[in-house]
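S.K.: In order, the protein sequence lines correspond to chains A and B. Per this note's numbering, the first sequence starts with residue 1, numbered consecutively. Per this note's numbering, the second sequence starts with residue 400, numbered consecutively. From the three backbone atoms N, C-alpha and C, an ideal C-beta is built for every residue, glycine too. Bear in mind the structure is a predicted one, so any value in this text is a computation, not a measurement.
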Amino acid sequence: MKHEGTEERVRSILHIDMDAFFTSIEQRDDPRYRGKPVVVGAQPGHRGVVAAASYESRKFGIHSAMPINEAFRRCPHAVFLPPRMDAYAEESRRVMAILSGFSPMLEQVSVDEAFLDVTGTRKLFGDTLTTANTIRLAIKEQIHLTASIGIAPNKFLAKLGSDMNKPDGVTVVPIDPADSIAWLAPHPVRKIWGVGKKTEETLGRMGIVTIGDLQKRSRESLVGAFGQSGLDLYELCRGIDDRPVENREEARSISREHTFETDTRDRLQWKKTLLALSQDVARSARQSGVTGRTVVLIFRGPDFTKHTRRSTLPATTALANEIYSASVNLCDALPSNAKLRLVGVGLTGFDQDVQLDLFRQEQPQVPWEKSERAIDKLVDRFGDGVIVRGTDLTKSEDT
Amino acid sequence: MECVIAKNKIYDLIQKSYPIIPLKTSLQILSNFKISFSKSSVSLTATDLDHSIVVSAEAVSDGDAEITVNARKLFEIVRELPEGDIHFGVDVNVLIIDSKKGFSCKLAGVGIEDFPLFPEINDAVEFSVGVGSLKDMVLKSSFAVSRDESRTCLCGVLWKFERGRTGMVATDGHRLGSSFWKRDDSLEKNVSMIIAPKSLLHFSRIIDGKKPDDLINVSLGEKYVLFEIQDIKICSKLIEGPYPDYEKAIPKVNPKKAILEKNALFEAVKRVSILSNQKTHLVKFLFKHNMLEVIVLNRDIGGEAREQVSAEYDGPEHAVGFNAQYLMEILGIISTPKIRIEMNTHISACLIFPNYEKEAEPKSEDLFLIMPLRILEDA
Chain A
1 MKHEGTEERV RSILHIDMDA FFTSIEQRDD PRYRGKPVVV GAQPGHRGVV AAASYESRKF
61 GIHSAMPINE AFRRCPHAVF LPPRMDAYAE ESRRVMAILS GFSPMLEQVS VDEAFLDVTG
121 TRKLFGDTLT TANTIRLAIK EQIHLTASIG IAPNKFLAKL GSDMNKPDGV TVVPIDPADS
181 IAWLAPHPVR KIWGVGKKTE ETLGRMGIVT IGDLQKRSRE SLVGAFGQSG LDLYELCRGI
241 DDRPVENREE ARSISREHTF ETDTRDRLQW KKTLLALSQD VARSARQSGV TGRTVVLIFR
301 GPDFTKHTRR STLPATTALA NEIYSASVNL CDALPSNAKL RLVGVGLTGF DQDVQLDLFR
361 QEQPQVPWEK SERAIDKLVD RFGDGVIVRG TDLTKSEDT
Chain B
400 MECVIAKNKI YDLIQKSYPI IPLKTSLQIL SNFKISFSKS SVSLTATDLD HSIVVSAEAV
460 SDGDAEITVN ARKLFEIVRE LPEGDIHFGV DVNVLIIDSK KGFSCKLAGV GIEDFPLFPE
520 INDAVEFSVG VGSLKDMVLK SSFAVSRDES RTCLCGVLWK FERGRTGMVA TDGHRLGSSF
580 WKRDDSLEKN VSMIIAPKSL LHFSRIIDGK KPDDLINVSL GEKYVLFEIQ DIKICSKLIE
640 GPYPDYEKAI PKVNPKKAIL EKNALFEAVK RVSILSNQKT HLVKFLFKHN MLEVIVLNRD
700 IGGEAREQVS AEYDGPEHAV GFNAQYLMEI LGIISTPKIR IEMNTHISAC LIFPNYEKEA
760 EPKSEDLFLI MPLRILEDA
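Given below as structure tokens:
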């Protein structure tokens, strides 16, 4: 088992965004299109929209999602091409293959953008800026396309950064929190993750237009106006974002959390809570027909900051027993004076609908699996609490 | 030297040998054909070092000559020439092509010294096999060859010669195809080899014009196997074994048996699988009394599709998941109107056979196998 923490260090996150991906591929593959406005999407005269616009065509105000006939009106002499999704997907695969050579912590966001966590690769590839330039060069040399890269301590800032210096540029977002707050201030609130048209309007009515405006509001007032997502706004506008870079398979997870009535050092209480939460998570995984390889321990100290610790199992599971024991191991590794306000457990790294192999025969069902499935059935019939594991009944003891 | 040959004859030779030319190679000479002219014939050789081919045709020459030239250029030039005789000449490292209808060209070539020699097979074990049976065995096995290069053996087709029969098997662990034909000549001991699908499939394709009963001579050496029929010779490097013991992995006890109309099942799976997960192509088979329900529930796109197909089945209700593409591929190969499926549990291999009428005498013994996709909710 390997244990990893996600806090207590400054991360180096890259957001790699391919420049005008679809049209750049068309311009690369056919020299006649180079230097000309190129639009990939529906054919003019038909319904449909622009899927991608080359930089040349953007000068005419053409942008993606614009109705194709509007694009044609603005620039009738542009080259209008139908999308070749297979070709783009293939190039995307090649780009991702290059990226994955720099760090295993790669999260592909879409066909033309990805996050890469290069915190631990300094020794291999040099400092983060050097790494980013090496990546750009590799993409340029091997695929003959350009990419823009944002460098920051987290995903939110990195994504913002990659947009600053397009095309073919690198932007380093200041690492020091005070500097990054100042760096963020002039940007419109729309740039914040999760702020769509509607939130933008609501914020506008509150007189909040730039991220700087948002930074002046108190946590309470934002929570009052937006509930839980107000908390996210409060953190994001300060450039605080602790979401990990996750492989896409891991993007989904099942988790359960519990907030204690008072902050507690009582490890037995933590464990009892974890057992109940593990049973919930396992049951939910079995209901969705998935098994997960990674168990995540979630906890919040008295200072409200959320931390995670993860542990990778040798095989995927949907069993409470295995999830519980992995989370307890993670718990045991916490400092002895730790005081928790919240504890939670998650299951991720899902493996769904496994293709079986003729030469790798299945393991027979472990006894626990049978008993846990039996518990599922009883709970389905008679409701929660009808059957309780022995350890669940142990009385809490102060330690 | 001058050689006269009809365009369609030389073009046929080029088409038969060109697919062996490697697309990318660091060894420039492998992009070339070796052309050998003799008094009464012309032959073309192509190789990628693992696979080599020689094809020849009758032609009239006034002498012998050999040269290698870029295969792609020769292919394109000959393709564009009008029907009729083409005149070839060889000068020092130059191939001269003249249509005698106005077109002529000189194609710079390279001497044959650097062109790899066609592999020689010593101490060969020799067999012969009919064109019809070879094509059938290749069809029924090669589709299942693995593309995972970490399992080298599975990247080839296993060809076995046993007492009274010969057959080909391929599997990537997820599905398996095999076909065995009866055979007369007696062997002292069982013989087997693992062949890359490139040469087998190509050979099978270019012998299309031959009669099913025409015989192919097979010479099996230590490192290479050679196939010869009339004017075609293909030599293929063997993949080193041993091939995994697939027979042991095939379950012997399969109490749940169903007989289904092949086309009805194929159509149902094709329709229902449109909504299946794009990665796993999962379809669920639910066998009930005299009926099979093909089901897709796709949580990702929120889709659901079902189709009922009538089946001869009287076992207990049984649910099992499959990759629809694997299944359709097998159904597409089986030639009988009905198929027989034999199963045990939802995680054990599922066997698929062509289902013959009682009095029918099948030419070959075929077995297909597909491993289920484990659906956790049905465990």
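(1) I'd like the list of long-range same chain contacts for Val403(B), defined as Cβ closer than 6 Å, with 5 residues on each side in sequence excluded.
(2) Can you list, in chain order, the residues of its chain with a C-beta nearer than 7 Å to that of Ala285(A)? Leave out the 5 residues immediately preceding and following it.
(3) Would you list the one or two residues that DSSP bridges to His486(B)?
(4) Classify Pro188(A) as helix, strand or coil using the three-state DSSP reduction.
(5) If you follow the beta strand (DSSP E) that Met567(B) is in, where does it begin and where does it stop?
(6) Could you have a look at Gln43(A) and say whether DSSP puts it in helix, strand or coil?
(7) Where Pro302(A) and Pro37(A) are concerned, what is the direct C-alpha to C-alpha distance, given to the nearest angstrom?
(8) The beta strand (DSSP E) spanning Ser578(B) covers which residue range?
(9) Is the CB-CB distance between Leu412(B) and Ala445(B) below 8 Å?
(10) Give me the DSSP bridge partner(s) of Pro515(B).
(11) Count the other CB atoms, across all protein chains shown, that sit within 10 Å of the CB of Pro753(B); report buried if there are 16 or more and exposed otherwise.
(12) Would you mind telling me which residues of chain E sit closer than 9 Å to Gln279(A), beta carbon to beta carbon, in chain order?
(13) Closest by CA to Pro596(B), which one among Asn616(B), Gly462(B), Ile740(B), Lys534(B)?
(14) Relative to the alpha-carbon of Pro335(A), which residue among Ala315(A), Phe359(A), Arg309(A), Gly349(A) has its alpha-carbon at the smallest distance?
(15) What in chain A is Cβ-close to Pro844(B), meaning under 7 Å?
(16) Are any of the Cβ atoms in chain A nearer than 8 Å to that of Asn722(B)?
(17) Kindly indicate which three-state DSSP category Trp558(B) falls into: helix, strand or coil?
(18) Can you tell which of Ala225(A), Leu231(A), Ser180(A) has the C-alpha that lies nearest to the C-alpha of Gly212(A)?
(19) Let's test the definition: count the other Cβ atoms within 10 Å of the Cβ of Asn812(B) and tell me whether it reaches 16, buried, or not, exposed.
(20) Output the distance between the C-alpha atoms of Cys634(B) and Lys433(B), rounded to the nearest integer angstrom.
(21) Could you tell me whether any Cβ in chain A is nearer than 8 Å to the Cβ of Gly555(B)?
(22) Out of Leu659(B), Gly576(B), Lys581(B), Asp583(B), point me to the one whose CA is closest to Asp765(B)'s CA.
(23) In the DSSP assignment, find the unbroken alpha helix (DSSP H) run with Lys534(B) in it and report its ends.
(24) Just to confirm before moving on: does the CB-CB distance between Leu726(B) and Val668(B) stay below 8 Å?
(25) Can you give me the start and stop residues for the beta strand (DSSP E) that Tyr55(A) sits inside?
(26) Candidates Phe542(B), Met536(B), His717(B), Ile520(B): which alpha carbon is nearest Ile746(B)'s?
(27) Applying the criterion that 16 or more other CB atoms from any shown protein chain within 10 Å of the CB defines a buried residue, is Glu621(B) buried or exposed?
(28) In whole angstroms, what separates the C-alpha of Ile16(A) from that of Val295(A)?
(29) With a threshold of 8 Å between beta carbons, is Ile746(B) in contact with chain A?
(30) Quick one: does Glu250(A) have its CB under 8 Å from some CB of chain B?
(31) Which residues in chain A have a C-beta closer than 9 Å to the C-beta of Thr570(B)? List them in chain order.
(32) Would you report the Cα separation of Asn469(B) and Asp447(B), rounded to the nearest angstrom?
(33) Taking Met592(B) as the query, report the chain A residues whose CB atoms sit under 7 Å from its CB, ordered along the chain.
(34) Find out if the Cβ-Cβ distance for the pair His573(B), Gln355(A) is shorter than 8 Å.
(35) Can you find a CB in chain A that lies within less than 8 Å of the CB of Ala648(B)?
(36) Please tell me whether Phe767(B) and Ile729(B) are closer than 8 Å, where the distance is taken between their beta carbons.
M.R.: According to the structure shown:
(1) Walking along the second sequence from the start, residue 403(B) turns up at place 4. So the qualifying residues of the chain are Val459, Asp484, His486.
(2) Position 285 of the first sequence, counting from 1, holds the residue named residue 285(A). Closer than 7 Å at Cβ, skipping near neighbours: Ile254, Thr291, Gly292, Ala318, Leu347.
(3) What you label residue 486(B) is simply residue 87 of the second sequence in a count that begins at 1. Per DSSP, Val403(B), Asp497(B).
(4) Looking up residue 188(A) in the first sequence gives position 188. Strand at Pro188(A).
(5) Stepping through the second sequence from its first residue, residue 567(B) is reached at position 168. Met567(B): member of the beta strand (DSSP E) spanning 564-570, first to last residue.
(6) Counting from one through the first sequence, the residue named residue 43(A) turns up at place 43. Looking at Gln43(A) - three-state DSSP - the assignment turns out to be coil, as it is neither helix nor strand.
(7) On the first sequence, residue 302(A) is found 302 positions in, with the first residue counted as 1. On the first sequence, residue 37(A) is found 37 positions in, with the first residue counted as 1. Distance between the alpha carbons of Pro302(A) and Pro37(A): 57 Å.
(8) Taking the second sequence and counting its residues from 1, the one referred to as residue 578(B) is at position 179. That run of the beta strand (DSSP E) goes 574-581.
(9) Counting from one through the second sequence, the residue named residue 412(B) turns up at place 13. Counting from one through the second sequence, the residue named residue 445(B) turns up at place 46. Using a Cβ distance threshold of 8 Å, Leu412(B) and Ala445(B) do not count as a contacting pair.
(10) Against the second sequence, residue 515(B) aligns to sequence position 116. DSSP output for Pro515(B) lists no bridge partner at all.
(11) Here the question's residue 753(B) lines up with position 354 in the second sequence. It counts as buried.
(12) Absent from the structure is chain E; the protein chains it does hold are A and B.
(13) Here residue 596(B) is taken as the residue at index 197 of the second sequence, counted from 1. Looking only at Asn616(B), Gly462(B), Ile740(B), Lys534(B), the smallest Cα-Cα distance to Pro596(B) is reached by Lys534(B).
(14) The sequence position of residue 335(A) within the first sequence is 335, counting from 1. Ranked by how close their Cα comes to the Cα of Pro335(A), the residues Ala315(A), Phe359(A), Arg309(A), Gly349(A) have Arg309(A) in first place.
(15) As displayed, chain B neither begins before 400 nor continues past 778, which places residue 844(B) out of reach and without an answer.
(16) In the second sequence, the residue the question calls residue 722(B) occupies position 323. Interface criterion met: the Cβ of Asn722(B) is under 8 Å from a Cβ in chain A.
(17) Looking up residue 558(B) in the second sequence gives position 159. In the three-state reduction of the DSSP assignment, Trp558(B) falls in the strand class, which pools E and B.
(18) Here residue 212(A) corresponds to residue number 212 of the first sequence, with the count starting at 1. Nearest of Ala225(A), Leu231(A), Ser180(A) to Gly212(A), Cα basis: Ser180(A).
(19) Outside the displayed range of chain B (400 to 778) lies residue 812(B), so it cannot be described from this structure.
(20) Taking the second sequence and counting its residues from 1, one reaches residue 634(B) at position 235. Taking the second sequence and counting its residues from 1, one reaches residue 433(B) at position 34. For Cys634(B) and Lys433(B), the gap between their C-alpha atoms comes out near 15 Å.
(21) Here residue 555(B) refers to the residue found at position 156 when the second sequence is read from its first residue. Chain A, which has no Cβ nearer than 8 Å to the Cβ of Gly555(B), makes this no.
(22) As a first step, residue 765(B) must be located in the second sequence, where it is residue number 366. Here the closest residue by C-alpha is Gly576(B).
(23) Position 135 of the second sequence, counted from the first residue, corresponds to residue 534(B). Here the alpha helix (DSSP H) through Lys534(B) covers 530-541.
(24) Here residue 726(B) refers to the residue found at position 327 when the second sequence is read from its first residue. Here residue 668(B) refers to the residue found at position 269 when the second sequence is read from its first residue. Less than 8 Å divides the Cβ of Leu726(B) from the Cβ of Val668(B).
(25) Here the question's residue 55(A) lines up with position 55 in the first sequence. If you look at Tyr55(A), you'll find it isn't in any beta strand (DSSP E); it sits in the alpha helix (DSSP H) that goes 55-58.
(26) Taking the second sequence and counting its residues from 1, one reaches residue 746(B) at position 347. Cα-wise, what sits closest to Ile746(B) is His717(B).
(27) Along the second sequence, one-based indexing puts residue 621(B) at 222. Here Glu621(B) is exposed. Its C-beta has fewer than 16 other C-beta atoms within 10 Å.
(28) The residue given as residue 16(A) occupies position 16 in the first sequence. The residue given as residue 295(A) occupies position 295 in the first sequence. About 29 Å.
(29) Numbered from 1 along the second sequence, position 347 holds the residue referred to as residue 746(B). For Ile746(B), the answer is yes, since a Cβ of chain A falls inside 8 Å of its Cβ.
(30) Counted from its first residue, the first sequence places residue 250(A) at position 250. The predicted model places Glu250(A) with a pLDDT of 42, which falls under 50 and marks its position as unreliable; any figure quoted below should be read in that light. Among the CB atoms of chain B, none fall inside 8 Å of the CB of Glu250(A).
(31) The residue you call residue 570(B) lines up with position 171 of the second sequence. Neighbours of Thr570(B) on chain A, chain order: Leu358, Phe359.
(32) Working through the second sequence from its first residue, we reach residue 469(B) at position 70. Working through the second sequence from its first residue, we reach residue 447(B) at position 48. C-alpha separation (whole angstroms): 14 Å.
(33) Sequence index remark: in the second sequence, residue 592(B) carries index 193 (1-based). The premise fails here: Met592(B) is roughly 20 Å from chain A at the closest Cβ pair, so nothing lies under 7 Å.
(34) The count along the second sequence starts at 1 and reaches residue 573(B) at position 174. The count along the first sequence starts at 1 and reaches residue 355(A) at position 355. Yes.
(35) In the second sequence, the residue the question calls residue 648(B) occupies position 249. For Ala648(B), the nearest beta carbon of chain A is closer than 8 Å to its own beta carbon.
(36) Numbered from its first residue, the second sequence carries residue 767(B) at position 368. Numbered from its first residue, the second sequence carries residue 729(B) at position 330. Yes, Cβ-Cβ distance for Phe767(B) and Ile729(B) is below 8 Å.
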